[in-house]
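Asks: Residues 10 to 516 in this note's numbering are what the first sequence spells out, letter by letter. Cβ coordinates follow ideal geometry from the N, Cα and C atoms, glycine included. Since the model is a prediction, treat every value here as computed from it, not as a measurement. One structure coming up, written as structure tokens, with questions to follow.
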Amino acid sequence: MSSKVRVRFAPSPTGGLHLGGVRTVLYNYLFARHHGGEFVLRIEDTDQSRYVPGAEEYIYETLEWCGLVPDESPLKGGPYGPYRQSERKPMYRPYAERLVAAGQAYYAFDTPEELDAMRSELRTDANPNPQYDGQVRARMRNSLSLPPDEVQRLLDAGTPHVVRIKMPPGETVTLTDMIRGDVSFDTSTVDDKVLLKADGMPTYHLAVVVDDHLMKITHAFRGEEWLPSAPVHILLWRYLFGEDAMPQWAHLPLILGPSGKLSKRDGARYGFPVFAANWTDPKSNELTEGFRERGFLPEAFVNLLALLGWNDGTDQELFSLEELVERFSIQKVHKGGAQFNFEKAQWFNHEWIKRSSPARLLPEVKALFQSKGWDTKDDAFLETVIGLVKERCTLLADFVPQAGFFFEQPSSYDSASFIAKWTPEKAAFFERLADTFGQEPDVADADREAAFKSAAEAAAIKPGELQLPLRVMLVGGKFGPPVFTIAGLLGGAETAARIRKALAAIG
RNA sequence: GCCGCGUUCGUCUAAGGGCUAGGACACCUCCCUUUCACGGAGGCGAUACGGGUUCGAAUCCCGUACGCGGUACCA
């Protein structure tokens with residue numbers, strides 16, 4: 010028996026990939042890589058009515074951005090393809106038939122209208138959601154309640170039908186979850202789930218079991234919302250391939266929003282992204298914002314997601330993907346849901362921008378500057394600028410206001426802080442300073458600072474009272490790196506020009 | 001309703017029977033800095049409740065409350 014770890018991420022292409030989804034991939038990926046195993050991407054598109062064009066491509070793009078590239082996928086192929094369930098359609102029916110033949114499943118001919126009628130008839134306050142269980146089964150139209158010749162007649166006539174699992178009465182099914190330990194279910198409380206739909210497509214229940222078996226999946230992680238249907242999957246494994254061959258399960262806790270389960274609405278309502286990357290619904294044209302476009306580094310996004318429901322037991326919070334792979338342990342994943350906090354998410358990004366080299370930041374920042382129409386030809390200059398302002402940037406977009414003055418002259422001046430103490434003497438000082446700087450285009454920062462100080466002394470003005478005005482003249486406001494560093498990068502001529510322009514504006 | 005899962009500072013979490021329950025985000029104070037940040041030092045702040053078991057419980061057991069999930073020919 011092979012001990013090679015194989016995990017899979019199986020999203021449905023219905024649009025976007027929210028935090029919970031990306032975290033599920035992440036944990037799959039980390040587990041696989043930690044154990045030197047394989048990571049498989051399988052697309053669950055058995056519900057064609059919910060399929061959204063472009064959603065599958067969006068998933069690939071998102072995974073690539075995060076650095077979570079699968080070993081096998083519909084794009085790349087692999088030994089267990091196809092990896093798109095719609096392309097595997099013919100593979101599922103034989104398993105359903107096998108279950109029927111063994112008496113573990115049955116044909117049901119009930120129309121949607123008949124099911125609706127049953128539910129509204131049986132619905133009471135004490136039972137708001139009637140199940141298709143042992144009792145109900147007997148009064149519906151299926152191969153267990155109908156006489157055999159009638160069943161055969163319906164089948165021969167091509168009557169639309171589904172295959173349902175026959176839940177055994179009064180059995181206890183136990184799942185050993187890697188995170189939660191033993192979880193038990195009474196089969197009497199689980200209804201006869203549909204396995205194969207009338208269109209011949211499998212439901213999720215049949216598809217996961219068959220595909221996980223055929224693709225030799227050894228460990229399966231999914232959201233906590235799947236826990237209630239675990240007994241169906243366990244029974245299917247027992248009937249079809251043997252419980253011993255079943256992957257080990259782990260049900261991940263949910264990611265919560267400020268009020269309950271995190272939803273797309275939360276993003277719009279509280280002003281933070283909930284998707285990894287921007288997603289525009291092709292039908293409604295509705296845009297849901299992504300972390301990428303909001304200015305997050307993928308390193309930070311992956312880091313914050315990993316820590317939302319897991320940690321290694323130490324105080325360390327900043328991890329690269331490589332470190333996460335090394336430290337990850339599924340047993341350390343929490344049981345309880347975690348509320349997403351955007352403030353903390355931004356802290357992670359700020360930390361990653363600070364610890365990233367200017368060279369690492371260059372592509373993203375360059376693209377940003379290009380979109381502003383700034384001159385981005387000189388990479389060395391850009392890297393210097395990035396190194397100077399990165400600790401002031403929480404989101405990538407912050408590089409625009411923080412570094413814009415290196416590319417454009419200020420269009421307004423935040424002079425409120427010094428205008429009250431402005432004097433003709435100070436104005437005269439700056440006139441002279443502009444002349445001096447203008448004549449010496451290239452001197453060292455320290456020399457320029459020394460020249461500034463001695464000029465101030467000569468004018469009998471405290472340098473401290475002149476430094477802030479100089480800063481505002483050069484950058485427009487009270488922010489930015491050391492002022493003489495800025496002057497040095499701008500050059501003597503440009504510095505002089507900015508002083509003169511500001512003087513004219515201030516008056 | 002029924003079934004299942006969960007519950008440590010406002011939030012993310014550490015501590016898996018034993019020191020004053022630790023760290024981070026946010027918030028507040030101070031220091032550094034003649035800008036904004038970075039950085040540094042402090043402060044505020046939690047074991048949902050009630051019973052057990054034990055010399056000793058955040059930790060183990062039972063109950064209650066609250067929260068969440070599921071209950072589709074959706075995943």
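1. Can the beta-carbon of isoleucine 174 be found closer than 8 Å to that of arginine 32?
2. Looking at lysine 274: is its Cβ nearer than 8 Å to the Cβ of alanine 286?
3. Since asparagine 350 and phenylalanine 328 should fall inside the 8 Å C-beta cutoff, what is the C-beta to C-beta distance between them, to a whole number of angstroms?
4. Taking the straight line between their C-alpha atoms, what separation do you get for proline 137 and glutamine 144?
5. Out of Ile188, Gly322 and Ser197, which has the shortest C-alpha to C-alpha gap to tyrosine 36?
6. Between glutamine 379 and the ligand SAH, is the CB less than 7 Å from at least one heavy atom?
7. Going by alpha carbons, who is nearest to methionine 482 out of Ala425, Gln325 and Leu245?
8. Can you list the beta strand (DSSP E) stretches of 3 or more residues lying completely in the region 264 to 346, in chain order?
9. Where DSSP assigns a beta bridge to serine 97, which residues make up the other side?
10. Under 8 Å, do valine 241 and histidine 214 count as touching if we go by C-beta distance?
11. What's the call for asparagine 294, buried or exposed, on a 16-neighbour Cβ count within 10 Å?
12. Rounded to whole angstroms, what is the Cα-Cα separation between alanine 506 and phenylalanine 439?
13. Can you tell which of Arg150, Leu131 and Pro256 has the C-alpha that lies nearest to the C-alpha of threonine 185?
14. Can you tell me where the beta strand (DSSP E) holding leucine 50 begins and where it ends?
15. Out of curiosity, what's the CA-to-CA distance linking glycine 269 and leucine 317?
16. With distances taken between CB atoms, is the gap from glycine 76 to leucine 330 smaller than 8 Å?
17. Between the Cα of leucine 306 and those of Lys225, Tyr248 and Asn358, spot the shortest distance and give me the residue it belongs to.
18. Quick check on this structure: which residue in Tyr60, Ile495, Lys375 and Gly179 has the alpha carbon closest to the alpha carbon of leucine 194?
19. At 4 residues or longer, and completely inside the region 421 to 450: list those alpha helix (DSSP H) runs for me, N to C.
20. My parser needs the alpha helix (DSSP H) runs of 4 or more residues fully inside the region 156 to 231; what are they?
21. Candidates Leu314, Gly345, Glu352 and Ala354: which alpha carbon is nearest phenylalanine 337's?
22. For valine 409, which of Ala389, Glu373, Ala437 and Ser421 has the nearest alpha-carbon?
23. Alanine 354 to phenylalanine 310, Cα distance in whole Å?
24. Going by beta-carbon coordinates alone, are glycine 299 and phenylalanine 284 separated by less than 8 Å?
25. Beta-carbon separation of glutamine 94 and aspartate 54 under 8 Å?
26. When DSSP labels each residue in this structure, what does glycine 485 get in the three-state scheme?
27. Let me check understanding here. Comparing Cα to Cα, which of Val492, Arg17, Leu442 and Glu159 lies closest to alanine 464?
28. Rounded to the nearest angstrom, how far is the Cβ of glycine 501 from that of phenylalanine 446, given a contact under 8 Å?
29. Given a threshold of 16 other Cβ atoms within 10 Å of its Cβ, counted over all protein chains shown, does serine 380 qualify as buried or as exposed?
30. Going by DSSP, what residue range makes up the beta strand (DSSP E) through alanine 259?
31. Short check: CB of proline 433 to CB of glycine 396, under 8 Å?
32. For a quick check, are the C-beta atoms of aspartate 454 and threonine 494 less than 8 Å apart?
33. Considering only the beta carbon of each residue, do glycine 158 and methionine 176 sit closer than 8 Å?
34. Please classify histidine 593: is it buried, with 16 or more other beta-carbons within 10 angstroms of its beta-carbon, or exposed?
35. What are the partner residues of histidine 27, as DSSP defines its beta bridges?
36. Starting from alanine 460, trace the alpha helix (DSSP H) in both directions and tell me its first and last residue.
Replies: On the basis of the data shown:
1. On the first sequence, position 165 is the one that residue 174 refers to. On the first sequence, position 23 is the one that residue 32 refers to. With a cutoff of 8 Å on beta-carbon distance, isoleucine 174 and arginine 32 are scored as not near each other.
2. In the first sequence, the residue the question calls residue 274 occupies position 265. In the first sequence, the residue the question calls residue 286 occupies position 277. The sequence given here has arginine at residue 274, not lysine. For arginine 274 and alanine 286, no; Cβs fall outside 8 Å.
3. Locating residue 350 in the first sequence gives position 341, where the first residue counts as 1. Locating residue 328 in the first sequence gives position 319, where the first residue counts as 1. About 18 Å separates the two Cβ atoms, so there is no contact after all.
4. Within the first sequence, the letter at position 128 stands for residue 137. Within the first sequence, the letter at position 135 stands for residue 144. Taking C-alpha positions only, proline 137 is separated from glutamine 144 by approximately 16 Å.
5. Taking the first residue of the first sequence as position 1, residue 36 is located at position 27. Of the candidates Ile188, Gly322 and Ser197, the one whose C-alpha sits nearest the C-alpha of tyrosine 36 is Ile188.
6. The model on display carries no ligand, and the ligand SAH is accordingly not part of it.
7. Taking the first residue of the first sequence as position 1, residue 482 is located at position 473. The candidate whose alpha carbon is nearest that of methionine 482 is Ala425.
8. Counting whole runs of 3 or more residues, the region 264 to 346 contains the beta strand (DSSP E) stretches 264 to 266.
9. One-based indexing of the first sequence puts residue 97 at position 88. Going by the sequence as given, residue 97 is arginine instead of serine. Note: arginine 97 sits in no beta bridge, so no partner.
10. What you label residue 241 is simply residue 232 of the first sequence in a count that begins at 1. What you label residue 214 is simply residue 205 of the first sequence in a count that begins at 1. A distance below 8 Å separates the beta carbons of valine 241 and histidine 214.
11. Reading the first sequence from its first residue, position 285 is the one you call residue 294. It counts as exposed.
12. Along the first sequence, read from residue 1 onward, the residue named residue 506 stands at position 497. Along the first sequence, read from residue 1 onward, the residue named residue 439 stands at position 430. Their Cα atoms are separated by approximately 11 Å.
13. Counted from its first residue, the first sequence places residue 185 at position 176. It is Pro256 whose Cα lies nearest to the Cα of threonine 185.
14. Counting from one through the first sequence, the residue named residue 50 turns up at place 41. Element bounds for leucine 50: 47 to 50.
15. Working through the first sequence from its first residue, we reach residue 269 at position 260. Working through the first sequence from its first residue, we reach residue 317 at position 308. Near 15 Å, if we compare the C-alpha coordinates of leucine 317 and glycine 269.
16. In the first sequence, residue 76 corresponds to position 67, counting from 1. In the first sequence, residue 330 corresponds to position 321, counting from 1. Cβ atoms of glycine 76 and leucine 330: closer than 8 Å.
17. What you label residue 306 is simply residue 297 of the first sequence in a count that begins at 1. It is Asn358.
18. By 1-based counting over the first sequence, the position of residue 194 is 185. Before going further, note that residue 194 is phenylalanine rather than leucine in the sequence given. Closest option to phenylalanine 194, Cα to Cα, is Gly179.
19. 425 to 428 and 433 to 448
20. 157 to 165 and 213 to 223
21. Position 328 of the first sequence, counted from the start, is the residue given in the question as residue 337. Distances from the CA of phenylalanine 337 to each of Leu314, Gly345, Glu352 and Ala354 were compared; the closest alpha carbon is that of Leu314.
22. Residue numbering aside, residue 409 sits at position 400 when the first sequence is read from its first letter. Checking every option, the nearest Cα to that of valine 409 belongs to Glu373.
23. Stepping through the first sequence from its first residue, residue 354 is reached at position 345. Stepping through the first sequence from its first residue, residue 310 is reached at position 301. Their Cα atoms are separated by approximately 8 Å.
24. Here residue 299 corresponds to residue number 290 of the first sequence, with the count starting at 1. Here residue 284 corresponds to residue number 275 of the first sequence, with the count starting at 1. In this structure, phenylalanine 284 lies closer than 8 Å to glycine 299 by Cβ.
25. For this step, residue 94 is matched to residue 85 along the first sequence. For this step, residue 54 is matched to residue 45 along the first sequence. In this structure, aspartate 54 lies closer than 8 Å to glutamine 94 by Cβ.
26. Counting from 1 along the first sequence, the entry for residue 485 is found at position 476. Reduced to three states, the DSSP call for glycine 485 is coil.
27. Taking the first residue of the first sequence as position 1, residue 464 is located at position 455. Out of Val492, Arg17, Leu442 and Glu159, Leu442 has the C-alpha closest to the C-alpha of alanine 464.
28. Numbered from its first residue, the first sequence carries residue 501 at position 492. Numbered from its first residue, the first sequence carries residue 446 at position 437. Yes, glycine 501 and phenylalanine 446 are in contact; Cβ-Cβ is about 5 Å, under 8 Å.
29. The sequence position of residue 380 within the first sequence is 371, counting from 1. With fewer than 16 other Cβ atoms within 10 Å, it is exposed.
30. As a working note, residue 259 is residue 250 in the first sequence. 257 to 261 is the span of the beta strand (DSSP E), which, as asked, contains alanine 259.
31. Taking the first residue of the first sequence as 1, we reach residue 433 at position 424. Taking the first residue of the first sequence as 1, we reach residue 396 at position 387. Cβ distance not < 8 Å, so proline 433 and glycine 396 don't count as in contact.
32. Counting from one through the first sequence, the residue named residue 454 turns up at place 445. Counting from one through the first sequence, the residue named residue 494 turns up at place 485. With respect to the 8 Å criterion, aspartate 454 and threonine 494 are classified as neighbours on the basis of their beta carbons.
33. Sequence index remark: in the first sequence, residue 158 carries index 149 (1-based). Sequence index remark: in the first sequence, residue 176 carries index 167 (1-based). The amino acid occupying residue 158 in the given sequence is aspartate; glycine does not appear at that position. Contact flag unset, no.
34. Only positions 10 to 516 of the chain appear in this structure, which leaves residue 593 out of reach.
35. Here residue 27 refers to the residue found at position 18 when the first sequence is read from its first residue. Histidine 27 is bridged to Phe284.
36. Along the first sequence, one-based indexing puts residue 460 at 451. It spans 454 to 467 - the alpha helix (DSSP H) in which alanine 460 sits, taken as one unbroken run.
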